[in-house]
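Trainee:
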Ligand SMILES: [Fe+2]
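Numbering (the working numbering), first residue to last: 573 to 874.
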């Protein structure tokens with residue numbers, strides 16, 4: 573059966589119908605998907621039938637799997653992250669359960685694994701249990717940082733060019749104090765890192781995009797605390813502009829994948845006590861650091 577590829581928005585995103593991601597991937601299909609990721613940054617495959625093993629197999633086609641840093645009882649495999657308010661045994665967890673609090677943090681704009689020196693390349697998320705169509709919230713929203721950068725004023729581009737943000741896995745606790753303390757080893761494996769707020773893309777002719785999160789810190793560095801908070805709040809508001817965004821309304825068995833170098837995402841909050849939402853995620857490990865306008869590799873090229 574031929575692949576049917578439909579555009580989702582003018583800016584980014586495609587939907588692919590007529591493909592079974594649980595089967596071994598042919599080289600020609602892998603090429604089509606990689607090109608779609610490069611050009612459109614987001615793919616939704618409809619009507620999939622996957623489990624943790626087949627999701628891990630599919631994810632491995634695009635690179636090595638990232639291993640989640642914490643021991644977490646909601647998952648069976650270290651490479652498969654449960655984005656879920658349902659335990660591995662099928663129990664609907666309380667909104668105050670620490671595993672659910674971590675999910676709530678996902679409602680802040682972010683890009684996956686920004687707390688690593690080599691942040692995640694692609695995330696691949698499968699909807700096992702999704703909210704009913706008439707429920708409020710539960711969608712995953714994406715914002716295109718290449719387009720957001722292009723639309724900045726020259727004044728803002730100049731302001732942001734040299735700045736950086738601290739991304740700290742431990743600092744998720746600062747935003748969500750209900751989470752348990754990390755162990756010494758967990759903290760030591762993931763010390764804070766900084767990334768430039770303007771990201772340069774060598775594989776896109778050194779084009780620039782925004783790169784920041786609001787799930788690990790709420791400040792931009794390189795300025796006073798007060799100014800850094802103000803600028804961060806401005807960025808959060810700016811990138812939520814509908815011109816840059818696509819909101820994915822989940823149907824059960826959707827498989828979506830996105831490029832973490834280009835898109836920020838967030839889950840739209842929903843009634844955690846009323847609805848079950850269970851998803852599993854495979855993550856393709858990044859192999860390169862985030863380059864900013866002043867990194868040596870960029871300065872010698874442009
Ligand atoms: Fe995420």
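All residues carry an ideal CB built from backbone N, CA and C; glycine is no exception.
Please report the distance separating the alpha-carbon of residue 871 from that of residue 779.
Mentor: For the purposes of this step, residue 871 is taken as residue 299 along the chain shown, with counting starting at 1. For the purposes of this step, residue 779 is taken as residue 207 along the chain shown, with counting starting at 1. Computed Cα separation, rounded: 13 angstroms.
Trainee: With a Cβ-Cβ cutoff of 8 angstroms, do residue 832 and residue 695 count as a contact?
Mentor: Locating residue 832 in the chain shown gives position 260, where the first residue counts as 1. Locating residue 695 in the chain shown gives position 123, where the first residue counts as 1. Yes, they are a contact pair.
Trainee: Considering only heavy atoms of ligand 1, list every residue whose Cβ is less than 7 angstroms from one of them, following chain order.
Mentor: Working through the chain, the matches are 678, 682, 684, 695, 837.
Trainee: How is residue 816 classed by DSSP in three states: helix, strand or coil?
Mentor: Against the chain shown, residue 816 aligns to sequence position 244. It is helical.
Trainee: Using a Cβ-Cβ cut-off of 7 angstroms (strictly less than) and excluding sequence neighbours within five positions of residue 514, which residues of its own chain qualify?
Mentor: Outside the displayed range of the chain (573 to 874) lies residue 514, so it cannot be described from this structure.
Trainee: From this set, 751, 754, 837, 873, which residue's C-alpha is nearest residue 686's C-alpha?
Mentor: On the chain shown, residue 686 is found 114 positions in, with the first residue counted as 1. It is 837 whose Cα lies nearest to the Cα of residue 686.
Trainee: Using 8 angstroms as the limit for Cβ to Cβ distance, is residue 849 near chain C?
Mentor: The structure shown has no chain C; it contains just one protein chain.
Trainee: Look up residue 714 in the DSSP assignment and say whether it is helix, strand or coil.
Mentor: The residue labelled residue 714 in the question sits at position 142 within the chain shown. Residue 714 falls in the strand class under three-state DSSP.
Trainee: Quick one: which unbroken alpha helix (DSSP H) runs of 4-plus residues sit fully inside the region 659–693? Chain order, please.
Mentor: Segments of the alpha helix (DSSP H) lying fully in the region 659–693: 670–676.
Trainee: Quickly, what does DSSP pair residue 830 with across the bridge? List them, please.
Mentor: As a first step, residue 830 is located in the chain shown; it is residue number 258 there, counting from the start. Residue 830 pairs with 614, 695.
Trainee: Starting from residue 738, trace the beta strand (DSSP E) both ways and give me its first and last residue.
Mentor: Along the chain shown, read from residue 1 onward, the residue named residue 738 stands at position 166. First-last of the beta strand (DSSP E) with residue 738: 736–739.
Trainee: Might you give, ordered along the chain, the residues of its own chain that have their beta carbon closer than 6 angstroms to the beta carbon of residue 735, omitting 5 neighbours on each side?
Mentor: Residue 735 sits at position 163 when you count from the first residue of the chain shown. Excluding positions up to five away in sequence, the list reads 769, 792, 794.
Trainee: With H, G and I counted as helix, E and B as strand and the rest as coil, what does DSSP make of residue 729?
Mentor: Residue mapping note: residue 729 aligns to position 157 of the chain shown, counting from 1. Residue state, collapsed to three classes: helix.
Trainee: Compute the beta-carbon to beta-carbon distance between residue 613 and residue 822, rounded to the nearest angstrom, for a pair I have assumed lies under 8 angstroms.
Mentor: Numbered from 1 along the chain shown, position 41 holds the residue referred to as residue 613. Numbered from 1 along the chain shown, position 250 holds the residue referred to as residue 822. The Cβ separation is near 18 angstroms, so there is no contact.
Trainee: Check residue 600 in the structure and name its three-state DSSP category.
Mentor: Taking the first residue of the chain shown as 1, we reach residue 600 at position 28. Helix at residue 600.
Trainee: Give me the Cβ distance between residue 858 and residue 652, rounded to the nearest whole Å; I'm assuming they're in contact under 8 angstroms.
Mentor: As a position in the chain shown, residue 858 is number 286, starting the count at 1. As a position in the chain shown, residue 652 is number 80, starting the count at 1. That pair is no contact at about 18 angstroms.
Trainee: State yes or no: is the C-beta of residue 683 within less than 8 angstroms of the C-beta of residue 788?
Mentor: Taking the first residue of the chain shown as 1, we reach residue 683 at position 111. Taking the first residue of the chain shown as 1, we reach residue 788 at position 216. No, they are not a contact pair.
Trainee: Give the DSSP bridge partners of residue 577, in chain order.
Mentor: Against the chain shown, residue 577 aligns to sequence position 5. Bridge partners of residue 577: 588.
Trainee: Counting only the same chain and skipping the five closest in sequence on each side, list residues whose C-beta sits under 7 angstroms from that of residue 589.
Mentor: Translated into positions along the chain shown, residue 589 becomes position 17. Here the set comprises 576, 618.
Trainee: Which same chain residues end up closer than 7 angstroms to residue 677 when comparing Cβ atoms and leaving out the 5 residues on each side of it in sequence?
Mentor: Against the chain shown, residue 677 aligns to sequence position 105. Contacts found: 744, 747, 748, 787.
Trainee: Who are the near neighbours of residue 633 in its chain, counting only those whose CB is closer than 6 angstroms to its CB and skipping five residues on each side?
Mentor: Here residue 633 corresponds to residue number 61 of the chain shown, with the count starting at 1. Same-chain partners within the cutoff: 597, 602.
Trainee: Determine whether the beta carbon atoms of residue 852 and residue 624 lie at a separation below 8 angstroms.
Mentor: Numbered from its first residue, the chain shown carries residue 852 at position 280. Numbered from its first residue, the chain shown carries residue 624 at position 52. Yes.
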